[in-house]
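Take a look at the structure set out below.
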Amino acid sequence: MKTAMELLSLDNPVFKAYLFYCTALVIKLMLMVPLTARQRYAKGIFISPEDTALVKGSRVRTDDPDIERVRRAHRNDLENIPMFFTIALAYILTEPNAWVAINLMRAFTFARYAHTLVYAVVVVPQPARALAWGVGYGITGYMAFRTLLAFW
Numbered sequence: 000m001k002t003a004m005e006l007l008s009l010d011n012p013v014f015k016a017y018l019f020y021c022t023a024l025v026i027k028l029m030l031m032v033p034l035t036a037r038q039r040y041a042k043g044i045f046i047s048p049e050d051t052a053l054v055k056g057s058r059v060r061t062d063d064p065d066i067e068r069v070r071r072a073h074r075n076d077l078e079n080i081p082m083f084f085t086i087a088l089a090y091i092l093t094e095p096n097a098w099v100a101i102n103l104m105r106a107f108t109f110a111r112y113a114h115t116l117v118y119a120v121v122v123v124p125q126p127a128r129a130l131a132w133g134v135g136y137g138i139t140g141y142m143a144f145r146t147l148l149a150f151w
């Protein structure tokens, strides 16, 4: 059995994959900000009165369906991605099969990008969004269960 320091080292391909996919997910979260801003500027709708000075004829509203759709997708990321960061790191300490662990991280990342794509960029009817969300949620649950068993 490897030590925690060996598992959390750049010599461990699972840990390297974790760093890569966590970075890809941080970038994905960061992209939600300009996606929201794009909707606000295109529609001339802002949440704060002082922001209306940026676009002539703009107004304050908090109920635009297109802007709220992007905000809901962003909120969903904020509800799911931090859990993944935490449990995936703990999962690495269980010394999982590298192929399985790396592909779980890959699939989670793909699912989160897909979720935003079908929810906030090109709205696709259900069950597309539910499937994308479910894949990521299932992976997080699987990692949590395996980690719980390993440290029981």
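If you're matching positions, the sequence shown starts at 0 in numbering that gives the first Met the number 0 and goes up one per residue.
Where is the CB? At the ideal position from N, CA and C, for every residue including glycine.
Every value quoted in this text rests on a predicted model; they were computed, and no experiment measured them.
Comparing alpha-carbon positions, the option among A16, L92 and V134 lying closest to A106 turns out to be V134. For the options P81, V69, T139 and A131, the alpha carbon positioned closest to that of V120 is the one of V69.
In this structure, the CA atom of T61 is about 23 Å from the CA atom of H114. Within 10 angstroms of the beta-carbon of A131 lie 16 or more other beta-carbons, which makes it buried.
Taking A97 as the centre and dropping the five residues before and after it, the same chain places the C-beta of P12 and V13 closer than 7 Å to its C-beta, in chain order. For T146, the uninterrupted alpha helix (DSSP H) segment begins and ends at A127 to A149. Distance from the Cα of Q38 is smallest, within the candidate group C21, A89, E67 and M4, for E67. Secondary structure note for L18: its alpha helix (DSSP H) is the uninterrupted segment P12 to K42. Counting along the chain, E5 sits inside the alpha helix (DSSP H) bounded by residues A3 to L6. For T115, the enclosing alpha helix (DSSP H) starts and ends at A97 to T115. Note on F150: under 16 other CB atoms within 10 angstroms of its CB, so exposed under the neighbour-count rule.
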